[in-house]
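Visitor: All residue numbers for the sequence shown refer to the working numbering, where the first residue is 1 and numbers rise by one.
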Amino acid sequence: VGAFRVFSKLKTLIATIISSIMALFWSMVVLCLAMLMTGLMACQLVSLYIGDDSLSETRRVWMYKNYGTAGRSLWTIFEVTFSGGWPGKVTPLVEEVNVMFAFFFAFYVSAVVFAMK
């Protein structure tokens, strides 16, 4: 009789975990869509400055390596979201390219990164 009580609690715990899997799945879908949209927007915004000769060649190469294609930009946004090293991916854009990138990334970090924690 005592063993059945222990297993009934385990059964309740497993049922709770299983019922929360769908919520986790849809949360991940929304997060992936937010990262995809942000990556594509960042790629488009940075592409306006990659050909700008007033910026150093080193900075333009850095911008291309991090945001120059949709795939590179998506990977950078993935790093911004999950690594905690986002200032290293954002600060050069804000300080050397255009201060408006601060608003773009401040919104993203506030809405996505801080909301996850």
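C-beta atoms are modelled at their ideal positions from N, C-alpha and C, and glycine is treated no differently.
Predicted model, so just to flag it, every value in this text is computed and none were measured.
Compare the beta carbon distance of S73 and C32 with 8 Å and say whether it is the shorter of the two.
Guide: No, the Cβ-Cβ distance between S73 and C32 is not below 8 Å.
Visitor: Can you tell me where the alpha helix (DSSP H) holding A79 begins and where it ends?
Guide: Inspection of the sequence shows that residue 79 is occupied by Glu rather than by Ala. Per DSSP, E79 belongs to the alpha helix (DSSP H) from 70 to 82.
Visitor: Could you pull out every residue in the same chain whose Cβ sits closer than 8 Å to the Cβ of W62, ignoring the five residues on either side in sequence?
Guide: Excluding positions up to five away in sequence, the list reads P92.
Visitor: Leaving out the 5 sequence neighbours to the left and right, which residues in its chain are closer than 8 Å to T76 when beta-carbon positions are compared?
Guide: Hits under 8 Å: G39, A42, N66, Y67, K89.
Visitor: Use the C-beta contact count for M81: other C-beta atoms within 10 angstroms, 16 or more gives buried, fewer gives exposed.
Guide: A quick correction: the sequence has Thr, not Met, at residue 81. Buried is the call here.
Visitor: Classify I105 as buried or exposed, calling it buried when 16 or more other Cβ atoms lie within 10 Å of its own Cβ.
Guide: Position check: residue 105 holds Phe in this sequence, whereas Ile was assumed. With 16 or more Cβ atoms within 10 Å of its Cβ, F105 is classed as buried.
Visitor: Do A23 and V112 have their C-beta atoms closer together than 8 Å?
Guide: No; because the gap between Cβ atoms is not below 8 Å, this pair is not in contact.
Visitor: Do E96 and L48 have their C-beta atoms closer together than 8 Å?
Guide: Cβ atoms of E96 and L48: not closer than 8 Å.
Visitor: Would you please verify whether the beta carbon of E95 is less than 8 Å from any beta carbon of chain D?
Guide: Any reference to chain D falls outside this structure, which holds one protein chain only.
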